[in-house]
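Novice: In full-length UniProt numbering, the protein residues as written are 16 to 495.
Ideal Cβ positions, reconstructed from N, Cα and C, are used throughout, including at glycine.
Every value quoted in this text rests on a predicted model; they were computed, and no experiment measured them.
What follows is a single structure, and I will ask about it in a moment.
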Amino acid sequence: LAVCGGGGVATLVAWSQAGLDTAGQVDFRNRLAVPPLAESRIDREGRRVFDLRAQEGRTDFGRDEATRTWGFDGDYLGPTLRAKRGERVLVNVVNGLDEPTSVHWHGMHLPARMDGGPHQEVRPGATWSPHWTVGQPAATLWYHPHPHGETAKHVLRGLAGMFILDDERSEGLALPREYGVDDIPVIVQDRQFDSRGRFREGSGTGDTILVNGIPGAYLDVRTERVRLRLLNASNSRMYTFGLSDDRPFTLIGSDGGLLPAPHSMTRIRLSPGERAEIVVGMEAGENVTLRSFPTNLHNILSDRFAGIRDMLDVLQLRAESNLARSPEVPAVLAPIEPLGPASAVTTRKFALSGRQINGERMDMGRIDEVVTRDTTEIWEITKEDGTLHNFHVHDVQFQVLSVGGVKPPVELSGWKDTILLPPNETVRIIARFADYADPDVPYMYHCHILSHEDAGMMGQFVVVEPGQKAGRPDTQGHHK
Ligand code: C2O
Ligand code: CU
Ligand code: CU
16 LAVCGGGGVA TLVAWSQAGL DTAGQVDFRN RLAVPPLAES RIDREGRRVF DLRAQEGRTD
76 FGRDEATRTW GFDGDYLGPT LRAKRGERVL VNVVNGLDEP TSVHWHGMHL PARMDGGPHQ
136 EVRPGATWSP HWTVGQPAAT LWYHPHPHGE TAKHVLRGLA GMFILDDERS EGLALPREYG
196 VDDIPVIVQD RQFDSRGRFR EGSGTGDTIL VNGIPGAYLD VRTERVRLRL LNASNSRMYT
256 FGLSDDRPFT LIGSDGGLLP APHSMTRIRL SPGERAEIVV GMEAGENVTL RSFPTNLHNI
316 LSDRFAGIRD MLDVLQLRAE SNLARSPEVP AVLAPIEPLG PASAVTTRKF ALSGRQINGE
376 RMDMGRIDEV VTRDTTEIWE ITKEDGTLHN FHVHDVQFQV LSVGGVKPPV ELSGWKDTIL
436 LPPNETVRII ARFADYADPD VPYMYHCHIL SHEDAGMMGQ FVVVEPGQKA GRPDTQGHHK
């Protein structure tokens with residue numbers, strides 16, 4: 016990954032508005048780097064094969080000294096994997112680090128033993144080669160390590176990347192889709208540096224925003240409309256994205272794919288792990304800044320920790336003096352069949368509090384929930400402490416039935432795999448656990464604030480055949 020075109024230091028200047036905690040107006044001196052598309056080949060069985068190597072590196076973030084980082088096939092972050100619905104994919108994951116790691120395909124529907132969670136640890140020097148058939152709609156997914164108790168450190172050091180899925184429908188829509196030109200991955204992370212340019216690895220938020228690993232990044236926009244694939248890949252920070260002049264943007268997709276129809280809005284809130292695809296309209300020659308605004312979330316005691324009162328510049332969009340024409344965003348995107356609550360065979364409840372779910376900390380050897388294959392379930396999730404949490408479920412994309420008893424807002428009306436838990440309100444989601452069953456290998460559900468996940472705010476579910484009992488999970492991957 017090429018880093019830092021301009022080579023300058025991104026200076027953080029205290030924001031002038033009173034009442035904001037820290038933060039962030041930035042000199043945009045560095046051209047945005049776009050992660051390369053991962054190369055792939057088709058093997059004799061017709062599978063699309065990728066190679067991905069986790070390794071150590073050094074990255075110039077414009078500090079006095081280069082920062083020790085980790086990356087996939089490079090120094091920081093990793094290439095963008097891309098595959099189409101119906102394709103069979105195989106990824107050779109090589110662990111070039113000197114400690115165990117894993118690679119989880121966040122948002123992907125696939126067999127549990129291919130999922131890359133804590134049970135699929137890859138030892139130093141080893142290769143792990145999961146394979147599956149892409150059986151879900153076009154979406155912006157991502158990948159990151161998930162080693163038990165160590166996820167925060169591995170992601171913070173730089174191990175993360177995007178995984179874009181396409182399908183017939185997405186390829187036929189007149190949306191911006193030229194990768195790196197008018198279709199741009201925007202991987203947003205916050206980092207704190209010490210005086211020697213090293214990452215601070217505590218669990219707090221950072222005051223430097225990196226986009227695709229670049230501080231103070233700007234993007235040269237060459238088209239009338241640009242599609243931004245926003246990914247909150249931060250360990251704990253929330254963002255409420257909007258544009259500096261409050262112009263509306265068009266929301267076209269959420270975690271698991273395109274929405275049925277585009278929606279014009281001025282803010283989109285993303286907690287760690289969530290994605291949103293937006294289209295921004297630009298006039299020739301103008302500059303506008305993608306920024307995170309203070310979030311209006313009441314009653315969160317740890318708001319300083321989550322950074323929700325911060326105003327932070329994220330990415331400057333600089334329109335060239337001549338813009339290529341872009342078609343209007345289509346009025347119909349990808350229809351979504353609602354999952355009816357009447358089709359659910361059970362309702363499970365999850366209460367998050369004090370780094371525990373339902374009063375228990377994550378135990379690699381304990382199966383918390385047993386789900387029957389090809390059934391639909393409602394999950395009711397409540398946050399019972401004063402800390403910010405969200406909730407992520409592996410294997411499925413879910414639909415949100417209600418938040419605090421009312422119909423979800425538009426940004427939660429499509430496919431989701433991660434959702435912010437508002438204070439004192441229950442979130443009801445519905446999902447179909449289709450296709451894959453394995454009594455011995457669990458999937459995870461957890462808070463995606465990585466220090467919470469590492470501290471045990473995670474549980475395990477298996478999907479079994481009708482009438483089958485849960486097996487015994489292998490705890491050998493557990494190295495601590
Ligand atoms: Cu993105 Cu279980 O994680
Ligand atoms: Cu996941
Ligand atoms: Cu949490």
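Excluding the five sequence neighbours on either side, which residues of its own chain have a C-beta within less than 6 angstroms of the C-beta of Gln483, listed in chain order?
Specialist: Excluding sequence neighbours, Gln483 sits near Pro454.
Novice: Kindly examine ligand 1 and report whether one of its heavy atoms sits closer than 6 angstroms to the Cβ of His467.
Specialist: No, the Cβ of His467 stays beyond 6 angstroms of every heavy atom of ligand 1.
Novice: Any heavy atom of ligand 1 inside 6 angstroms of the beta-carbon of His121?
Specialist: Because some heavy atom of ligand 1 lies under 6 angstroms away, the Cβ of His121 counts as near it: yes.
Novice: Any chance the CB of Gly288 is under 6 angstroms from a heavy atom of ligand 1?
Specialist: Correct: Gly288 has its Cβ closer than 6 angstroms to ligand 1.
Novice: Can you tell me which of the three DSSP states Val170 falls into?
Specialist: Helix, per DSSP.
Novice: Would DSSP call Asp36 helix, strand or coil?
Specialist: The pLDDT assigned to Asp36 is 41, lower than 50, so where the model puts this residue is not dependable; a value taken from the coordinates is nonetheless given after this. Note: Asp36 maps to coil in three-state DSSP.
Novice: Ignore the nearest five residues each way along the sequence and tell me which others in Leu156's own chain have a CB closer than 7 angstroms to its CB.
Specialist: Excluding sequence neighbours, Leu156 sits near Trp120, His121, Gly122, Met123, Phe178 and Leu180.
Novice: Find out if the Cβ-Cβ distance for the pair Glu480, Ala452 is shorter than 7 angstroms.
Specialist: Yes, they are a contact pair.
Novice: At which residues does the beta strand (DSSP E) containing Ser395 begin and terminate?
Specialist: Sequence inspection shows Glu at residue 395; the Ser mentioned does not correspond to that position. Counting along the chain, the beta strand (DSSP E) containing Glu395 begins and ends at Thr390 to Lys398.
Novice: DSSP three-state call for Met473: helix, strand or coil?
Specialist: Of the three classes helix, strand and coil, the one that applies to Met473 here is strand, per DSSP.
Novice: So for Leu246, helix, strand or coil by DSSP?
Specialist: Strand.
Novice: Taking the alpha carbon of Val203 as the reference point, which residue from Val196, Ser210 and Thr223 has its own alpha carbon closest?
Specialist: Among Val196, Ser210 and Thr223, the Cα nearest to that of Val203 is on Thr223.
Novice: Within its chain, find whatever has a CB closer than 7 angstroms to the CB of Glu440; leave out the 5 residues flanking it on each side and keep chain order.
Specialist: If we look at Glu440 and ignore the five residues flanking it on each side, its Cβ neighbours are Val418 and Gly419.
Novice: Go to Glu301, then tell me how far its alpha helix (DSSP H) extends in each direction, as first and last residue.
Specialist: That residue, Glu301, is in no alpha helix (DSSP H); it is neither H nor E in DSSP.
Novice: Give the DSSP bridge partners of Thr148, in chain order.
Specialist: The partner list for Thr148 (beta bridge, DSSP) reads Arg103.
Novice: Of all the options Gly474, Thr433, Gly296 and Glu426, which has the alpha carbon lying nearest to the alpha carbon of Arg370?
Specialist: It is Gly474 whose Cα lies nearest to the Cα of Arg370.
Novice: Are there 16 or more other CB atoms within 10 angstroms of the CB of Lys364, so buried, or fewer, so exposed?
Specialist: So Lys364 counts as exposed.
Novice: Within the continuous alpha helix (DSSP H) that includes Gly187, where are the two ends?
Specialist: It spans Glu183 to Gly187 - the alpha helix (DSSP H) in which Gly187 sits, taken as one unbroken run.
Novice: Within this structure, are the beta carbons of Leu234 and Gly173 separated by less than 7 angstroms?
Specialist: No.
Novice: In whole angstroms, what separates the C-alpha of Met326 from that of Thr142?
Specialist: Their backbone Cα atoms lie some 42 angstroms apart in a straight line.
Novice: What separation, rounded to the nearest whole angstrom, lies between the Cα atoms of Ala38 and Asp205?
Specialist: Unreliable positioning characterises Ala38 in this predicted model, as indicated by a pLDDT of 49, which lies under 50. The coordinate reading is nonetheless provided below. Ala38 and Asp205: Cα-Cα distance of roughly 12 angstroms.
Novice: Identify the continuous beta strand (DSSP E) that holds Met459 and give its terminal residues.
Specialist: Here the beta strand (DSSP E) through Met459 covers Tyr458 to His461.
Novice: Starting from Lys364, trace the beta strand (DSSP E) in both directions and tell me its first and last residue.
Specialist: Note, Lys364: beta strand (DSSP E), Ala359 to Ser368.
Novice: Rounded to the nearest angstrom, what separates Ala485 and Trp147 at their Cα positions?
Specialist: Between Ala485 and Trp147, the C-alpha separation is close to 23 angstroms.
Novice: How long is the line joining the alpha carbons of Thr84 and Pro162, rounded to whole angstroms?
Specialist: Cα-Cα distance, rounded: 17 angstroms.
Novice: Going by C-alpha to C-alpha distance, which of Asp410, Ser336, Ala470 and Glu352 sits closest to Leu125?
Specialist: Per the Cα distances, Asp410.
Novice: Would DSSP call Leu316 helix, strand or coil?
Specialist: Bear in mind that the predicted position of Leu316 carries a pLDDT of just 49, short of 50, making it unreliable; the figure below should be weighed with that in mind. Coil at Leu316, not helix or strand.
Novice: Taking Cβ to Cβ, would you say Asn107 is nearer than 7 angstroms to Asp66?
Specialist: Their beta carbons are under 7 angstroms apart, which means Asn107 touches Asp66 by this criterion.
Novice: Which partner residues of residue 3 appear in the DSSP bridge assignment?
Specialist: A question about residue 3 goes unanswered here, because the residues of the chain that appear run from 16 up to 495.
Novice: Could you have a look at Gly21 and say whether DSSP puts it in helix, strand or coil?
Specialist: The pLDDT assigned to Gly21 is 34, lower than 50, so where the model puts this residue is not dependable, and the model offers no usable value.
Novice: According to DSSP, is Ala48 part of a helix, a strand, or is it coil?
Specialist: DSSP places Ala48 in coil when its eight states are reduced to three.
Novice: Kindly indicate the opening and closing residues of the beta strand (DSSP E) around Trp157.
Specialist: Start and end: Ala154 to His159.
Novice: If Leu258 and Val303 are in contact, beta carbons under 8 angstroms, what's the gap, nearest whole angstrom?
Specialist: With 8 angstroms as the limit, Leu258 and Val303 qualify as a contact, their Cβ atoms being about 5 angstroms apart.
Novice: Whole angstroms is fine: what's the gap from Gln414's alpha carbon to Gly132's?
Specialist: Their backbone Cα atoms lie some 23 angstroms apart in a straight line.
Novice: Does any heavy atom of ligand 3 sit closer than 6 angstroms to the C-beta of His159?
Specialist: Because no heavy atom of ligand 3 lies under 6 angstroms away, the Cβ of His159 does not count as near it: no.
Novice: Can you list, in chain order, the residues of its chain whose CB lies under 7 angstroms from that of Pro353, leaving out five sequence neighbours each side?
Specialist: The residues are Gln414.
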